[in-house]
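Only one structure is covered here, and it is reproduced in the block below.
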Amino acid sequence: MFNFKGDAVLFLSGSFLLGLGFSGFGLLFNLYLKEVGFSESKIGFILALMSYVAVIMMFPAAFIVRKINVKPIIIVSVIFSCFGYLISAVTNIYFHIILGVVMTGIFSSFLPVLSGPLMMQMSTEPIRMHLFSTGFTISLASGILGNILAGNLPLFF
Numbered sequence: 002m003f004n005f006k007g008d009a010v011l012f013l014s015g016s017f018l019l020g021l022g023f024s025g026f027g028l029l030f031n032l033y034l035k036e037v038g039f040s041e042s043k044i045g046f047i048l049a050l051m052s053y054v055a056v057i058m059m060f061p062a063a064f065i066v067r068k069i070n071v072k073p074i075i076i077v078s079v080i081f082s083c084f085g086y087l088i089s090a091v092t093n094i095y096f097h098i099i100l101g102v103v104m105t106g107i108f109s110s111f112l113p114v115l116s117g118p119l120m121m122q123m124s125t126e127p128i129r130m131h132l133f134s135t136g137f138t139i140s141l142a143s144g145i146l147g148n149i150l151a152g153n154l155p156l157f158f
């Protein structure tokens with residue numbers, strides 16, 4: 002096992018929890034939108050909008066990251082991404098869901114942009130490749146696990 006220390010372990014743990022939560026929420030959010038009665042075209046628009054906003058915001062996020070310390074941006078982006086998801090989840094008003102999805106798209110765009118520079122700061126040359134590989138593996142595995150757990154949630158109720 003690689004000897005990751007301090008911030009690297011926290012970052013990897015946070016990546017796992019975020020991947021687990023966001024992927025599970027994404028699956029349940031799709032089912033929620035269908036249950037509320039939105040048409041498939043509206044559901045598709047909502048989901049695509051979040052992705053489009055995130056992609057468009059990655060360019061400004063990259064410029065912001067160069068000017069400001071990375072750690073506070075990660076904390077703020079996670080908080081506001083979760084808040085955007087919360088706004089979308091507690092209402093069935095289309096406009097409010099759109100606002101929440103746009104907010105989530107804006108702030109979630111910072112996470113992939115920040116992960117590379119942050120891992121560079123937290124590692125030395127000998128372990129850098131292993132940290133990046135472990136981070137990618139954890140993100141992928143937590144996404145799969147989050148979807149599996151959310152998909153099997155009805156079995157527990």
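Residues in the sequence shown are numbered consecutively from 2, following the working numbering.
Glycine included, each C-beta is placed from N, C-alpha and C at the ideal position.
Note that the coordinates shown come from a computational prediction; the quantities given were computed from them, not determined experimentally.
In three-state terms, what does DSSP make of residue i?
i, result
"G38", "coil"
"V91", "coil"
"F158", "coil"
"I128", "helix"
"S110", "coil"
"K6", "coil"
"N70", "coil"
"N31", "helix"
"N148", "helix"
Using a threshold of 9 Å, state whether the C-beta atoms of residue i and residue j are closer than that.
i, j, result
"I190", "V66", "Nothing can be reported for residue 190: it is not among the residues displayed for the chain, which extend from 2 to 158."
"G85", "V102", "yes"
"V54", "I107", "yes"
"T135", "F5", "yes"
"F17", "S109", "no"
Please report how far the alpha carbon of residue i lies from the alpha carbon of residue j, in whole angstroms.
i, j, result
"G27", "A90", "10 Å"
"L146", "L156", "16 Å"
"L119", "G15", "13 Å"
"L115", "M121", "10 Å"
"I88", "K43", "17 Å"
"Y95", "G25", "22 Å"
"L141", "F133", "12 Å"
"N93", "L112", "27 Å"
"L21", "N148", "8 Å"
"M51", "S124", "32 Å"
"F158", "L29", "15 Å"
"N31", "S82", "17 Å"
Using the beta-carbon count (16 or more within 10 Å), is residue i buried or exposed?
i, result
"S40", "exposed"
Three or more C-beta pairs below 8 Å linking the segment 77-91 and the segment 119-131: no
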